[in-house]
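Here the protein sequences come in this chain order: A and B. Per UniProt numbering, the very first residue in the first sequence carries number 1; after that it's consecutive. Per UniProt numbering, the very first residue in the second sequence carries number 1; after that it's consecutive. Every residue gets a Cβ at the ideal spot worked out from N, C-alpha and C, and that includes glycine. Worksheet: one structure, shown below.
Protein chains: 2
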Amino acid sequence: MANAIRALAMDAVQQANSGHPGLPMGAADIATVLFTQFLKFDPAAPKWPDRDRFVLSAGHGSMLMYALLYLTGYSSVTIDEIKRFRQLGSKTPGHPENFITEGVETTTGPLGQGIATAVGMAMAEKIMAANYGDTIVDHKTYVLASDGDLMEGISHEAIALAGHLKLNKLIVLFDDNGISIDGPLTLADSVDQVKRFEACGWNAWRIDGHDHKAIAEALTKAQSSDKPVMIACRTTIGFGSPSKAGKSSSHGSPLGADDIKGTREALKWTSPPFEIPADILKDWRKAGERSKAAHADWDKRFAALEAGQRSEFTRRMNGELPKAALDAAVKAVKESLQASPKEIATRTACEFALETLIPAVPDMIGGSADLTGSNNTRTKSMKAISAADFSGRFIHYGIREHGMAAAMNGMTLHGGVIPYSGTFLVFSDYARPAMRLAALMGTRAIHIMTHDSIGLGEDGPTHQPVEHLAALRAIPNMLVFRPCDAVETVECWQLALENATGPSVLALTRQNLPQLSKDFVTTNRCAAGAYEIHAADGQAQVSIFATGSEVSIAVDGAKLLAEKGIAARVVSVPSFELFAAQPEAKRRAIIGDAPVKIGVEAAVRQGWDAIIGNDGAFVGMSGFGSSAPYKELYKKFGITAEAVAAAAMQKLGK
Amino acid sequence: MANAIRALAMDAVQQANSGHPGLPMGAADIATVLFTQFLKFDPAAPKWPDRDRFVLSAGHGSMLMYALLYLTGYSSVTIDEIKRFRQLGSKTPGHPENFITEGVETTTGPLGQGIATAVGMAMAEKIMAANYGDTIVDHKTYVLASDGDLMEGISHEAIALAGHLKLNKLIVLFDDNGISIDGPLTLADSVDQVKRFEACGWNAWRIDGHDHKAIAEALTKAQSSDKPVMIACRTTIGFGSPSKAGKSSSHGSPLGADDIKGTREALKWTSPPFEIPADILKDWRKAGERSKAAHADWDKRFAALEAGQRSEFTRRMNGELPKAALDAAVKAVKESLQASPKEIATRTACEFALETLIPAVPDMIGGSADLTGSNNTRTKSMKAISAADFSGRFIHYGIREHGMAAAMNGMTLHGGVIPYSGTFLVFSDYARPAMRLAALMGTRAIHIMTHDSIGLGEDGPTHQPVEHLAALRAIPNMLVFRPCDAVETVECWQLALENATGPSVLALTRQNLPQLSKDFVTTNRCAAGAYEIHAADGQAQVSIFATGSEVSIAVDGAKLLAEKGIAARVVSVPSFELFAAQPEAKRRAIIGDAPVKIGVEAAVRQGWDAIIGNDGAFVGMSGFGSSAPYKELYKKFGITAEAVAAAAMQKLGK
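As structure tokens, this is what we get:
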């Protein structure tokens with residue numbers, strides 16, 4: 001049965017003339033034992049909530065995944081799709097993509113992401129089990145990881161977090177083949193991985209990854225572990241290939257016709273390409289039916305659940321919001337802000353909104369990368385999650401921005417949880433590869449990123465984002481919000497929660513801001529991405545566009561201009577992406593036809609020309625920040641009402 | 001003497017009303033023993049090449065650094081500067097900045113960067129020692145690291161690389177205080193750091209970090225280690241504070257007047273703020289003189305060196321290029337390309353250029369994060385560096401993009417080495433925090449990033465950068481090059497090498513490109529960032545701007561337009577940054593006055609409006625890529641000569 005995987009992998013890579021045969025051939029035995037004896041899954045119901053999750057962290061070995069999906073009977077991967085490996089529009093792209101191929105739990109390929117995402121899946125399992133009991137939620141998360149996964153830094157954050165939380169249903173099978181693209185692993189690595197995982201609170205040991213009995217024994221032992229488990233499976237990359245087994249030449253290129261012929265002989269595999277002998281296919285399909293009874297039993301247990309719990313569980317697993325409760329919560333926050341306006345930092349406004357949102361949306365699980373008090377992401381009532389108790393709503397992620405973002409992806413992919421994070425905006429750089437994957441996969445991970453400009457003051461340029469708004473806005477399918485006051489903050493929170501098909505970032509200030517929106521409106525004014533927040537007195541000669549903390553500066557600038565008899569309006573732009581998505585006529589109407597356009601943002605100009613044109617004036621940053629109290633920095637870098645007015649006067653030739 | 005550090009730290013933070021007193025107070029004993037008994041340094045000659053390097057990885061404890069610089073007698077940090085801690089224009093910013101304060105070896109603050117940068121310093125030490133002998137180059141690299149440093153993923157990449165290369169002159173003092181910002185470390189971490197470092201090939205053990213004798217013994221033992229050393233020093237954060245010692249409340253906020261009073265009593269420190277008793281200051285200044293004899297001895301040994309070696313060593317340590325050799329090499333490559341034009345990928349052109357550049361510039365040390373054969377960063381003659389032999393010119397960094405970028409920063413900061421890397425452009429996300437630091441510090445790290453668009457084909461969207469050019473261009477003080485052919489590739493290499501005050505990125509293709517520049521010119525046409533590469537036949541109606549692999553598509557588009565009688569010119573834009581830096585008149589001349597402007601780049605539009613205006617047409621990507629052979633992808637996403645011509649026709653209303 002393992003040879004069926006090997007044959008499909010080598011033939012598909014050969015046909016595509018592109019791909020990685022080495023891993024599927026080396027790890028075929030591990031995967032065979034896992035899928036035929038241990039994994040709880042139902043190819044007829046790929047979304048069954050209580051299935052075990054399998055993550056191929058070494059995503060370049062995608063043919064292993066596709067072979068398994070085909071052999072076990074998923075309808076998503078037919079033999080024709082395997083023949084179209086890596087071709088345009090196929091279900092079998094170069095790396096596994098969860099949004100293309102049913103049965104693929106997460107997109108992998110960028111190394112380390114799979115294992116770190118799996119940690120989030122295992123966390124979500126514990127959280128949902130704490131809420132709905134282990135008769136409804138009780139499944140494992142299996143990972144097949146490569147040397148590369150374990151060399152990437154994110155793996156450290158992931159395994160340390162998993163060890164700390166004692167995620168004992170997480171089982172990592174390490175394809176310990178001693179080979180990377182450049183050659184033998186000894187060229188670049190000497191880590192004792194078993195000892196390393198033990199140091200991080202895992203149970204870990206070594207086995208022969210081609211010995212089915214040893215694999216089965218190890219997986220049996222892993223079922224009852226009190227800690228996460230790492231099984232280092234010594235394998236031969238490209239197993240079966242007469243000239244390339246055990247060599248990096250089998251890693252990332254087709255074996256070639258001669259070698260494939262030799263492999264067929266060595267493996268005694270006589271079938272032609274893409275043909276699986278009927279008896280072997282039958283055995284594989286039988287393996288795919290293994291969990292039918294378990295699934296039926298689960299259905300019964302689920303049906304026995306109290307109706308309210310059942311619908312709540314289904315709602316959460318489907319990623320639907322409790323809309324009425326959310327809308328009421330947002331309305332309550334806005335009414336409260338109307339009744340008593342607040343001059344607070346938007347990070348504080350975030351906490352103020354969360355106090356009402358958290359009880360209304362039980363799916364929300366907050367956290368911070370060791371900046372809880374600074375990010376204001378924990379409300380007073382939130383209990384922290386710990387290894388002993390997953391019923392809380394707040395996660396101390398530790399100083400692990402990247403691991404946090406990947407775990408959040410895993411939680412959303414698992415379902416039932418809407419995770420939000422906390423860190424400083426500048427550290428989005430650390431989390432970026434996982435945030436990009438969130439955008440690609442379309443997962444609802446919400447990142448609260450505070451201290452969003454030079455406005456953080458004394459910590460200086462290492463901590464002051466200047467390019468991060470632009471860099472995040474550049475990522476497709478990600479919403480970047482920068483609210484200007486407490487009202488916009490809760491409105492942006494609502495939009496982020498409603499953005500079910502991609503990640504969102506809320507960039508929030510450390511420093512206090514006046515509440516500009518004082519009149520209560522039921523509509524979400526941020527929904528169009530931009531709106532006029534300060535009208536001109538008469539026909540506008542100047543339109544000033546600003547975000548976040550610079551909106552009040554822009555309004556003050558408009559007032560200075562008004563004193564000089566120049567009519568200026570201010571448009572708040574809390575989200576470039578939502579604004580860009582408006583119909584052209586609406587966009588033009590919001591931009592207006594004032595002859596002078598000015599952008600104001602304490603960040604680099606890149607991206608602003610789309611709004612103000614390349615002849616517009618920009619008041620912002622052109623380099624890195626500096627260490628000083630923030631009011632001095634705004635003066636030093638010329639981001640003031642006076643500078644806005646002066647830029648307008650210059651453009652008007654006055 | 002340690003209490004002098006504590007007093008300065010708590011008083012400076014109090015005066016600034018901002019900062020982190022906990023670490024300097026906790027680690028004062030470690031630092032005192034290191035600086036008074038072990039560190040080889042000369043405050044009067046902060047740039048002495050053979051000094052030991054000291055890196056405060058936990059940069060938030062910057063007052064420790066400033067206290068040490070003041071106490072040991074560096075002229076950069078006076079007591080007045082300490083009084084101006086975290087104030088505008090002071091030499092004592094919130095985090096240590098090597099470009100502001102002499103004696104600070106590297107900017108730290110973003111956690112994990114310091115230790116990873118130090119690995120690069122220790123590598124450069126070995127490399128330079130292999131070249132000039134250990135009578136000239138023989139020094140240690142010391143790091144003071146915090147829990148946060150060791151939680152960040154980059155620390156894994158750094159310590160695994162250091163362990164593999166047996167960097168036995170690297171000594172990490174871990175300030176093991178068990179406290180992070182959120183509270184006790186047990187909230188978020190359970191890693192056995194000693195075991196973890198051992199697993200990564202280090203010698204590691206625990207000591208009491210307040211016991212001067214134990215610290216001295218450990219440092220003595222570390223001097224003769226055969227592996228890198230990690231000493232876990234158990235300390236009490238905020239040592240001396242009656243109410244905050246051992247608590248996270250001492251981590252990131254001033255202690256407050258009452259607690260400072262109590263601390264003074266507990267430490268029996270009677271001097272007023274910013275006054276160090278004369279005898280203690282004298283002892284510290286004496287410690288600052290400790291290495292005078294060693295420095296004088298080194299001067300003698302250096303003077304005895306053969307003159308050519310001496311001037312070469314000085315040139316390298318000063319970061320000066322061997323200009324004549326470099327210019328000759330570039331000329332030779334260009335002449336060769338003129339003689340026999342090449343239709344090759346720019347990654348291949350890079351290797352072709354390196355074959356000539358590597359012998360000409362001995363400072364260059366190449367590498368790759370396990371993609372050597374794909375990045376084409378290793379020439380035939382280059383020997384790999386290993387633990388046993390640092391005389392090579394190529395580094396197998398392993399699958400550690402972030403650790404690679406940080407190590408490169410460390411190498412440039414150490415001096416003597418111009419490091420260049422290799423990875424895929426999409427993985428710039430993994431390396432980004434270290435690349436940003438390179439830009440902030442102004443270090444000459446050169447990143448070769450291949451597979452720079454959907455042109456990589458089958459690997460699909462996880463591997464296809466679409467937003468990365470924009471995201472990198474957003475970083476201040478970084479040059480992003482995207483050459484369109486073999487000639488531009490060597491020209492961009494020259495510009496990157498000449499860019500001594502910041503990092504550069506060369507974005508290179510996987511796919512073959514025609515050589516557009518066939519006429520030999522001695523000048524570097526890429527130096528202005530943009531130039532007309534294809535002239536219009538007559539008065540241009542259309543200007544097409546393109547980079548890299550899309551320049552030839554733009555030229556073909558212009559030819560299609562010419563067939564329709566429409567005069568179109570093409571401008572190659574290998575570097576947005578260099579183009580933006582041109583005088584306004586020159587920029588306008590290059591942009592030209594054709595009524596229609598079109599941008600062509602297989603990436604997102606962000607940033608392009610600065611050149612083509614927001615009314616310009618853009619032929620590029622608006623979302624993520626896909627998995628298929630690359631020619632099919634260019635068709636699918638509409639990045640073709642036909643699409644360029646059609647966009648022009650539409651804008652012309654034809």
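Per DSSP, which residues does residue i bridge with? Please list them.
i      : result
G620/A : E601/A
T423/A : M449/A
P465/A : Its beta-bridge partners do not exist; DSSP assigns none.
W205/A : I231/A
D258/A : Paired residues: none, contrary to the question.
G366/A : F394/A
R53/A  : T141/A
G183/A : S180/A
I544/B : V570/B, I598/B
S386/B : D389/B
Which residues bound the beta strand (DSSP E) around residue i?
i      : result
D175/B : 170-176
S572/B : 568-572
V119/B : Where V119/B is concerned, there is no enclosing beta strand (DSSP E), although the alpha helix (DSSP H) it sits in stretches over 113-132.
I533/B : 531-534
Starting from residue i, trace the alpha helix (DSSP H) in both directions and tell me its first and last residue.
i      : result
F352/B : 346-360
Y634/B : 630-636
L326/A : 323-339
Y142/B : Counting along the chain, Y142/B falls outside any alpha helix (DSSP H), though it belongs to the beta strand (DSSP E) covering 141-146.
H20/B  : Neither: H20/B is in no alpha helix (DSSP H) and is coded neither H nor E.
R432/B : 428-441
V555/B : 550-563
Compute the beta-carbon to beta-carbon distance between residue i and residue j, rounded to the nearest angstrom, for a pair I have assumed lies under 8 Å.
i      : j      : result
A641/B : G557/B : 4 Å
V55/A  : A118/A : 4 Å
G503/B : R444/B : Reading off the sequence, residue 503/B comes out as Pro, not Gly. Yes, they are in contact, since the Cβ atoms of P503/B and R444/B sit about 7 Å apart, within 8 Å.
T235/B : M10/B  : 16 Å between Cβ atoms; not a contact.
F302/B : I136/B : 6 Å
Do residue i and residue j have their C-beta atoms within less than 8 Å of each other?
i      : j      : result
D609/A : N168/B : no
G178/A : T108/A : no
L337/A : Q515/A : yes
D182/A : H396/B : yes
G246/A : P21/A  : no
E458/A : G94/B  : yes
H402/B : E157/B : yes
G163/B : K227/B : yes
G153/B : I154/A : yes
L578/B : L479/B : yes
M230/A : A160/B : no
*Count the CB pairs spanning the segment 305-315 of chain B and the segment 481-493 of chain B that are closer than 8 Å, and state whether there are at least three.*
no
*Spell out a yes or no on whether the segment 449-462 of chain B and the segment 406-426 of chain B are touching, meaning 3 or more CB-CB pairs, one atom from each, closer than 8 Å.*
yes
*Does the segment 170-177 of chain A come close enough to the segment 133-145 of chain A to have 3 or more Cβ pairs within less than 8 Å?*
yes
*Count the CB pairs spanning the segment 494-509 of chain A and the segment 518-531 of chain A that are closer than 8 Å, and state whether there are at least three.*
yes
_Touching by the beta-carbon criterion (3+ pairs, under 8 Å), the segment 86-93 of chain A and the segment 621-630 of chain B_ = yes
*Could you say if the segment 321-329 of chain A and the segment 355-374 of chain A meet the contact criterion of at least three C-beta pairs nearer than 8 Å?*
yes
*Cβ contact (3+ pairs, closer than 8 Å) linking the segment 568-581 of chain A and the segment 2-18 of chain B*: no
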